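J.: Starting off with a structure, shown below.
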Amino acid sequence: LWISSPEEFRSFINRVTDFFDQIEEEHAWLYIKMTVNADKEEYAKAYEEFQKEIVAKLKPYEQRIKEKIVENEHFAPRGYEHMIKVIKNDVELFREENVPLQVKESILSRNYGTIVGNIEVDFKGEKKTLQQLSVYLRDPDRSTRELAWRKRYEGIWEVRDKLNKLFDELKEIRHQQALNVGFSNYRDYMHRLKSRFEYTPEDLYRFHEAVEKEVVPYLVERTKVRQKKLGIESVRPWDTAVDVDGKILKPFSSVEEFMEKTERALKRLNSTFAERFRLMREKNLLDLENRKGKAPGGYNHTLPKTGAPFIFMNAVGQPGDVRTIFHELGHSMHSFETLSLPVFYRPHRMEVAELASMSMELISMEYWDEFYTDPEDLKKAKIEELEGTLYFLPWCMTVDAFQHWIYTNPDHTPKERDEYFAYLMDRFNPGVNWSNLDEEKKTRWLFQLHIFEVPFYYIEYGIAQIGALAIYRNYLEDSERVLKNYTVISEGRMLSSNR
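When we follow this note's numbering, the leftmost residue of the sequence shown carries the number 436, and every step to the right adds one.
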């Protein structure tokens, strides 16, 4: 196809968009069905087949399309310079020998959800998933909290060897991809692949240090306050989620109630957001409740042909579920805003995408009275959320620093991996007493799905969290202006993370 004008350039992009939308729609539904039915092998096989027969075979053609865009960049509409820069980067990093490795990695990484999603342990005579056990970490009875906490580790340790073997396979595949492109390690390769043009790995080390020096000492003092209020000798890992006044917050008692309250809160926040959520409900694009056989975690998945995204999560009726639904709805609003854009304009730097979701978490708090009618409960929930943003930062740095070490030391053993993680747990410890819990401390990383499924996708949360706090402050001062500016996310790849 010959391109000789801006009009022909746009026409080419539109035709490509329609083609890739068809592929992405099918790919998305296969992924959704696999995670919703993680205990059914046929769904995993269907996803695997698509990866091998469609995704892998499409990669060389996608590369040729991107090359054509770069060759004709002088016809690109004004304002898309950053998008062209990102596509050029993709073209430079493409290696055909990496395609089968990437397909294998994608298939293998999904095994994490299958393994962990099927864990069940006996808790006081009942079978519980790991997510269901997390509810008891908020129980006023300390012995119940400790039992639930230890049972979670009992469950993950049952599959510890399996998870370590899986991760070693993934590490080798990822390292080989980096070598194939000419990088000495996967960390540096991923930094380029993620188009992180505005900052370096060394800048991230400085971010780690800033949190260690500025945030951790403050949290240590906050943890001492928790200790005194709870009247205990020290704060143990099972004491970090319980309310210091012994109150258990119950934002909803059923998924239907959860959706109703969410929609009412959204309507007060922004009527368009509420209409979009209602559309998702009507189209059955929500799977919110935790159950056995369902993959862990939560996500928002764009469905370009359906015209609306899908939200997946594991709600169990606790305050964290309210945070999660609004987080994923931030991504959903992002998806709605970009659906009309050509395919290569849509992808966002994850720092930008997470800024949308984390901002939604915070600004939605002003309408959480839909979940907490008691003013004291509402105040408590908002304080928990804001403190949670700070307590999250040391964990975010731990996960990111861990991955830096893993992939710049690719020959490490599982034992060395656990020991380094334990070191990081100590480095970023916000004042929690882990004595006599050495095995638990060094294996806590096994609960973090991002490390298995989406390597180096975590620091974005930390970067976005800082920005989200600023947006929330601005929202309290001028909500109308902030909501108007919120739609800037629709610019997609026209935006750098600096913008």
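Positions of the beta carbon are idealized from the N, C-alpha and C atoms, including for glycine.
None of the values given here were measured: they were computed from a predicted structure.
Between Glu656, Asp680 and Val751, which has its C-alpha nearest Glu692's C-alpha?
T.: Position 257 of the sequence shown holds residue 692. Selected option, being the one with the closest Cα: Val751.
J.: Quick one: complete beta strand (DSSP E) runs, 3+ long, within the region 727–756?
T.: Qualifying beta strand (DSSP E) stretches, in chain order: 734–736 and 745–750.
J.: What residue does the beta strand (DSSP E) around Glu649 start on, and which one ends it?
T.: Numbered from its first residue, the sequence shown carries residue 649 at position 214. Note, Glu649: premise wrong, no beta strand (DSSP E); not H, not E.
J.: At which residue ranges does the region 838–879 contain complete alpha helix (DSSP H) runs of 4 or more residues, listed in the order of the chain?
T.: Taking only runs of at least 4 residues, the alpha helix (DSSP H) segments lying wholly in the region 838–879 are 849–862 and 873–877.
J.: Hey, could you find the ends of the beta strand (DSSP E) Glu724 is sitting in?
T.: On the sequence shown, residue 724 is found 289 positions in, with the first residue counted as 1. Start and end: Leu721 to Glu724.
J.: If you pair each beta-carbon of the region 632–648 with each one of the region 828–838, do three or more pairs fall below 8 Å?
T.: Flag = yes, the region 632–648 and the region 828–838 touch.
J.: What's the C-alpha gap between Val660 and Asn546?
T.: Counted from its first residue, the sequence shown places residue 660 at position 225. Counted from its first residue, the sequence shown places residue 546 at position 111. About 41 Å.
J.: Would you report the Cα separation of Arg699 and Trp880, rounded to the nearest angstrom?
T.: Stepping through the sequence shown from its first residue, residue 699 is reached at position 264. Stepping through the sequence shown from its first residue, residue 880 is reached at position 445. One C-alpha to the other measures close to 37 Å.
J.: Give me, in chain order, the residues of the same chain whose beta-carbon lies closer than 8 Å to that of Val451; leave out the 5 immediate sequence neighbours on both sides.
T.: Residue numbering aside, residue 451 sits at position 16 when the sequence shown is read from its first letter. Answer for Val451: Ile500, Pro777, Val778 and Phe779, listed in chain order.
J.: Can you pull the DSSP bridge partners for Phe558?
T.: As a working mapping, residue 558 is identified with position 123 in the sequence shown. In DSSP, Phe558 forms a bridge with Glu561.
J.: So what's Thr675 in DSSP terms, helix, strand or just coil?
T.: Here residue 675 refers to the residue found at position 240 when the sequence shown is read from its first residue. Residue state, collapsed to three classes: coil.
J.: Looking at the unbroken alpha helix (DSSP H) that takes in Ala583, where does it start and where does it end?
T.: One-based indexing of the sequence shown puts residue 583 at position 148. That run of the alpha helix (DSSP H) goes Arg577 to Glu593.
J.: For a test of the three-state rule: what should DSSP assign to Ile438, helix, strand or coil?
T.: As a working mapping, residue 438 is identified with position 3 in the sequence shown. Here Ile438 sits in coil by DSSP.
J.: Rounded to the nearest angstrom, what separates Arg445 and Lys492 at their Cα positions?
T.: Reading the sequence shown from its first residue, position 10 is the one you call residue 445. Reading the sequence shown from its first residue, position 57 is the one you call residue 492. Computed Cα separation, rounded: 25 Å.
J.: Would you report the Cα separation of Ala899 and Met793, rounded to the nearest angstrom?
T.: The residue you call residue 899 lines up with position 464 of the sequence shown. The residue you call residue 793 lines up with position 358 of the sequence shown. If you take the alpha carbons of Ala899 and Met793, they lie about 7 Å apart.
J.: With 16 other CB atoms within 10 Å as the buried threshold, where does Ser706 fall?
T.: Position 271 of the sequence shown, counted from the start, is the residue given in the question as residue 706. With fewer than 16 other Cβ atoms within 10 Å, it is exposed.
J.: Leaving out five residues on either side along the sequence, give the residues of the same chain with a beta carbon under 7 Å from the beta carbon of Arg716.
T.: Reading the sequence shown from its first residue, position 281 is the one you call residue 716. The residues are Met694.
J.: If contact is defined by three or more beta carbon pairs under 8 Å, each pair taking one atom from either stretch, is the region 676–692 in contact with the region 887–904?
T.: No contact exists between the region 887–904 and the region 676–692.
J.: Specify whether the region 547–560 and the region 598–613 touch according to this definition: at least 3 beta carbon pairs, one from each stretch, less than 8 Å apart.
T.: Judged by Cβ distances under 8 Å, the region 547–560 makes contact with the region 598–613, as three or more pairs qualify.
J.: Using C-beta distances below 8 Å, list every residue in its chain close to Asn909, excluding the 5 sequence neighbours before and after it, in chain order.
T.: The count along the sequence shown starts at 1 and reaches residue 909 at position 474. Once the five neighbours on either side are set aside, the close Cβ partners of Asn909 are Arg916 and Val917.
J.: Evaluate contact between the region 804–812 and the region 759–779, counting only Cβ atoms and requiring at least three cross-stretch pairs below 8 Å.
T.: Result no; under three Cβ-Cβ pairs closer than 8 Å.
J.: Can you list, in chain order, the residues of its chain with a C-beta nearer than 6 Å to that of Arg622? Leave out the 5 residues immediately preceding and following it.
T.: The residue you call residue 622 lines up with position 187 of the sequence shown. Within the same chain, Arg622 has close Cβ partners His839, Tyr842 and Thr843.
J.: Would you kindly work out how many angstroms separate the C-alpha atoms of Thr564 and Asn553, rounded to a whole number?
T.: Residue mapping note: residue 564 aligns to position 129 of the sequence shown, counting from 1. Residue mapping note: residue 553 aligns to position 118 of the sequence shown, counting from 1. Going from the Cα of Thr564 to the Cα of Asn553 covers about 8 Å.
J.: Beta-carbon within less than 6 Å of Thr737's beta-carbon, same chain only, minus the 5 sequence neighbours each way: which residues are those?
T.: Translated into positions along the sequence shown, residue 737 becomes position 302. Here the set comprises Pro744 and Ser770.
J.: Is the beta carbon of Met937 less than 9 Å from the beta carbon of Arg852?
T.: Since the first and last residues shown for the chain are 436 and 934, residue 937 lies out of range.
J.: May I have the straight-line CA-CA distance separating Lys503 from Ile519, to the nearest angstrom?
T.: Position 68 of the sequence shown, counting from 1, holds the residue named residue 503. Position 84 of the sequence shown, counting from 1, holds the residue named residue 519. If you take the alpha carbons of Lys503 and Ile519, they lie about 11 Å apart.
J.: Am I right that Leu568 and Lys586 are in contact with their C-beta atoms under 8 Å? What's the rounded C-beta distance?
T.: In the sequence shown, counting from the first residue as 1, residue 568 sits at position 133. In the sequence shown, counting from the first residue as 1, residue 586 sits at position 151. The Cβ separation is near 6 Å, so the contact holds.
J.: Could you give the first and the last residue of the continuous alpha helix (DSSP H) run that contains Ala491?
T.: In the sequence shown, the residue the question calls residue 491 occupies position 56. Unbroken alpha helix (DSSP H) run through Ala491: Ala491 to Glu506.
J.: Using the C-alpha atoms, what's the distance from Ala463 back to Asp574?
T.: By one-based count along the sequence shown, residue 574 stands at place 139. By one-based count along the sequence shown, residue 463 stands at place 28. Going from the Cα of Asp574 to the Cα of Ala463 covers about 38 Å.
J.: Determine contact between the region 588–595 and the region 870–880, defined as no fewer than three beta-carbon pairs at a distance below 8 Å.
T.: Touching, yes.
J.: Within 9 Å (strictly less), CB to CB, does Thr878 reach chain B?
T.: The structure shown has no chain B; it contains just one protein chain.
J.: Taking the alpha helix (DSSP H) that Ile894 falls in, what are its first and last residues?
T.: For this step, residue 894 is matched to residue 459 along the sequence shown. First-last of the alpha helix (DSSP H) with Ile894: Ile894 to Glu912.
J.: Is Val889 buried or exposed, if buried means 16 or more other CB atoms sit within 10 Å of its CB?
T.: Here residue 889 is taken as the residue at index 454 of the sequence shown, counted from 1. The residue in question, Val889, is exposed, as its Cβ has fewer than 16 Cβ neighbours within 10 Å.
J.: For Asp673, count the other beta carbons within 10 Å of its own beta carbon; 16 or more makes it buried, fewer makes it exposed. Which is it?
T.: The residue you call residue 673 lines up with position 238 of the sequence shown. First, the amino acid is wrong: residue 673 is Trp here, not Asp. Classification of Trp673: buried, given that the 10 Å Cβ count is 16 or more.
J.: Which class does Tyr482 belong to by DSSP, given the choice of helix, strand or coil?
T.: As a working note, residue 482 is residue 47 in the sequence shown. In the structure shown, Tyr482 sits in a helix (DSSP, three-state: H, G or I).
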